[in-house]
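Residue numbers (the working numbering): 714 to 957.
What follows is the structure, given as structure tokens:
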């Protein structure tokens, strides 16, 4: 997979891409990251890439010309161009899995008050990480790259582990425990020590549904659940109703 990053701060990525899964993917030739400095395409002698916004108001706006020229230089027929913006659709694990299948992604990282709106005509998709503001699209780019990279076969030693993480199944993951068996009087659930894999899987599924129902019920898609899951959820709701 090839990922191009358009940014005015190429040094932002120096350390993160040289650790963890991104480093492994790059060393194995599974991921090619290219970082383009948008300032190199500025026509201003001082490499300026922003200006005052038309209509007044505080803050500066990134100019369309340098970004467009940078995009034109690196874009090919396979490229899927993504702009990180608050107006974009919120990223989900399902979308990450779809992006993982693409050969060439281009990430445009905005700064300041945003990018001249005319640039959107030259992009394929807008993505948001959530309803909050960070200093620039570089943060979003790193998160998306990491989310994609860990799902590339050959990066993580045990790909099944990644497939069991929260959101991968559409639900939050069940609680996880390791040694010691007891800490400050808090014990690991007996079922996890039983060696009964059928009961362990049943416990984990129930806990996963319980956590999702309690913390992020909007993730539950009743149409995608089997009858056993629906029965578990029904019992959990009945129990919670009685406790109230």
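Every residue, glycine too, gets a C-beta built ideally from N, C-alpha and C.
Treat the numbers as computed from the prediction; the structure is a model and nothing was measured.
Presumed contact (8 Å Cβ cut-off) between residue i and residue j, rounded CB distance
i, j, result
"residue 719", "residue 820", "7 Å"
"residue 748", "residue 721", "Actually they are not in contact, since the Cβ atoms of residue 748 and residue 721 sit about 11 Å apart, beyond 8 Å."
"residue 921", "residue 884", "5 Å"
"residue 949", "residue 928", "With a Cβ gap of about 13 Å, residue 949 and residue 928 do not count as contacting."
"residue 776", "residue 829", "6 Å"
"residue 862", "residue 734", "5 Å"
"residue 900", "residue 894", "7 Å"
"residue 904", "residue 914", "At roughly 10 Å, the Cβ-Cβ gap does not stay under 8 Å, so residue 904 and residue 914 are not in contact."
"residue 838", "residue 793", "7 Å"
Burial state of residue i (16 or more Cβ within 10 Å)
i, result
"residue 810", "exposed"
"residue 755", "buried"
"residue 957", "For residue 957, the predicted structure reports a pLDDT of 45, less than 50, and the residue's modelled location is therefore unreliable. A value from the coordinates is still provided. The residue is exposed, with fewer than 16 neighbouring Cβ atoms inside 10 Å."
"residue 726", "buried"
"residue 823", "buried"
"residue 774", "buried"
"residue 935", "exposed"
"residue 770", "exposed"
"residue 906", "exposed"
"residue 937", "exposed"
"residue 868", "buried"
Run of the beta strand (DSSP E) containing residue i, from where it starts to where it stops
i, result
"residue 858", "Here residue 858 belongs to no beta strand (DSSP E); instead the alpha helix (DSSP H) covers 850-862."
"residue 819", "817-821"
"residue 802", "792-803"
"residue 747", "745-750"
"residue 719", "715-720"
"residue 871", "Where residue 871 is concerned, there is no enclosing beta strand (DSSP E), given that its DSSP letter is neither H nor E."
"residue 765", "763-765"
First through last residue of the alpha helix (DSSP H) which encompasses residue i
i, result
"residue 701", "In this structure the chain extends from 714 to 957, so residue 701 is not present and cannot be described."
"residue 840", "Per DSSP, residue 840 belongs to no alpha helix (DSSP H); it is in the beta strand (DSSP E), 838-841."
"residue 927", "910-928"
"residue 939", "Neither: residue 939 is in no alpha helix (DSSP H) and is coded neither H nor E."
"residue 711", "Since the first residue shown for the chain is 714 and the last is 957, residue 711 is missing from the structure and cannot be characterised."
"residue 662", "Only positions 714 to 957 of the chain appear in this structure, which leaves residue 662 out of reach."
For residue i, the nearest candidate out of the options (CA to CA)
i, options, result
"residue 762", "826, 815 and 778", "778"
"residue 784", "835, 908 and 802", "835"
"residue 816", "833, 837 and 791", "791"
"residue 886", "851, 916, 897 and 768", "916"
"residue 932", "805, 801, 781 and 728", "805"
"residue 723", "951, 854, 941 and 833", "854"
"residue 808", "858, 825, 782 and 787", "858"
"residue 753", "882, 732 and 782", "782"
"residue 715", "788, 945, 943 and 846", "788"
"residue 942", "919, 833 and 846", "919"
(Q) Within 8 Å, do at least three Cβ pairs link the segment 839-858 to the segment 782-802? (A) yes
query = Does the pairing of the segment 764-783 with the segment 735-747 give three or more beta-carbon distances under 8 Å?
reply = no
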